[in-house]
Amino acid sequence: MELRNELGSATGLALPASLIFDYPNATAVADLLVAELGAKAGASAMSTAHPDMTNGVQNAARHDEPIAIVGMACRYPGGVSSPEDLWQLVTQETDAITEFPRARGWDTERIYDPRPGVSGKTYTREGGFLDEPGHFDAEFFGISPNEALAMDPQQRLLLESSWEALERAGIVPGSLRGSATGVFAGVMYHDYAGSAALGS
């Protein structure tokens, strides 16, 4: 936050709170600043030279542009690691609910209680589980092994799936830097760090 605030003060730009996550190294931050400062200077020059071309008109044109979904990726229980796998699971009416995976270290006999709401217990012996959620190529994403271990597995899956969606679309991720491109994901808050610290 401090870095973002300092850069914002020095440049006069309104930088996102997620700056260090969206631009994880000095080169990426520098590229953003150059692009934003260039755009700011260009917009200022354009409004001076062509006062009739307002942002409202330019934005209206942008709203008329089509939106395309060009790549997808997903991970679901039942061994689903691609949209094709998901389609196969659905069309074959495969049940993706299984017993708790023993490899995850749960002592199901100890934590099971048939009465819902018992603290520290579960009243089910089955659920939907992803295959090999711990597999992650930290080096590929420029993440240290220790940092990768501390990351919520959902964050690791989001990184992998986002990259895979771009690959499946035939897009080189680096080519998108500075473009109006987004990766949209359905997510929820889960305090992984707090849960991990408590050993749950």
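Residue 1035 in the numbering used here sits at position 20 of the sequence shown, and the numbers go up by one each step. Beta carbons are placed, not taken as given, at the ideal position from N, Cα and C, and that holds for glycine.
Residue i, buried or exposed, once every other Cβ within 10 Å from all chains shown has been counted against 16
| i | result |
| --- | --- |
| Asn1020 | exposed |
| Ile1216 | Residue 1216 is absent from the model: the chain starts at 1016 and stops at 1215. |
| Ile1082 | exposed |
| Phe1151 | buried |
| Leu1047 | buried |
| Ala1088 | buried |
| Leu1164 | exposed |
| Leu1191 | exposed |
Whole-angstrom distance between residue j and residue i, CA atom to CA atom
| i | j | result |
| --- | --- | --- |
| Ser1177 | Pro1116 | 26 Å |
| Ser1062 | Ala1054 | At Ser1062, the pLDDT of 47 sits below 50, so the modelled position is not reliable; the number obtained from the coordinates is stated separately. Between Ser1062 and Ala1054, the C-alpha separation is close to 12 Å. |
| Gly1197 | Tyr1038 | 14 Å |
| Leu1104 | Leu1052 | 49 Å |
| Ala1111 | Gly1185 | 30 Å |
| Phe1155 | Val1095 | 22 Å |
| Glu1080 | Gly1027 | 30 Å |
| Glu1182 | Phe1199 | 15 Å |
| Ile1158 | Arg1130 | 42 Å |
| Ala1195 | Val1187 | 15 Å |
| Ile1126 | Gly1132 | 12 Å |
| Ser1033 | Ser1097 | 28 Å |
| Ala1045 | Glu1099 | 39 Å |
| Ala1025 | Gly1189 | 27 Å |
| Ala1153 | Pro1160 | 6 Å |
| Thr1109 | Gly1135 | 31 Å |
| Glu1162 | Gly1120 | 22 Å |
| Ala1118 | Val1049 | 48 Å |
| Val1113 | Trp1102 | For the sequence presented, residue 1113 should be read as Thr rather than Val. Between Thr1113 and Trp1102, the C-alpha separation is close to 19 Å. |
| Thr1106 | Asn1040 | 44 Å |
| Glu1124 | Glu1175 | 34 Å |
| Ala1193 | Ala1043 | The amino acid at residue 1193 is misidentified as Ala; the sequence shows Gly. Near 10 Å, if we compare the C-alpha coordinates of Ala1043 and Gly1193. |
| Asp1146 | Arg1140 | 17 Å |
Cβ separation of residue i and residue j, assumed to be a contact under 8 Å, to the nearest whole Å
| i | j | result |
| --- | --- | --- |
| Ala1180 | Gly1086 | 4 Å |
| Leu1030 | Arg1090 | Actually they are not in contact, since the Cβ atoms of Leu1030 and Arg1090 sit about 32 Å apart, beyond 8 Å. |
| Asp1128 | Tyr1138 | 6 Å |
| Leu1022 | Ile1035 | Incorrect: roughly 10 Å between the Cβ atoms, too far for contact. |
| Gly1143 | Pro1168 | The pair is not a contact, with the Cβ atoms about 15 Å apart (cut-off 8 Å). |
Segments assigned beta strand (DSSP E), at least 3 residues, entirely inside the stretch 1103-1179:
1112-1114 and 1141-1143
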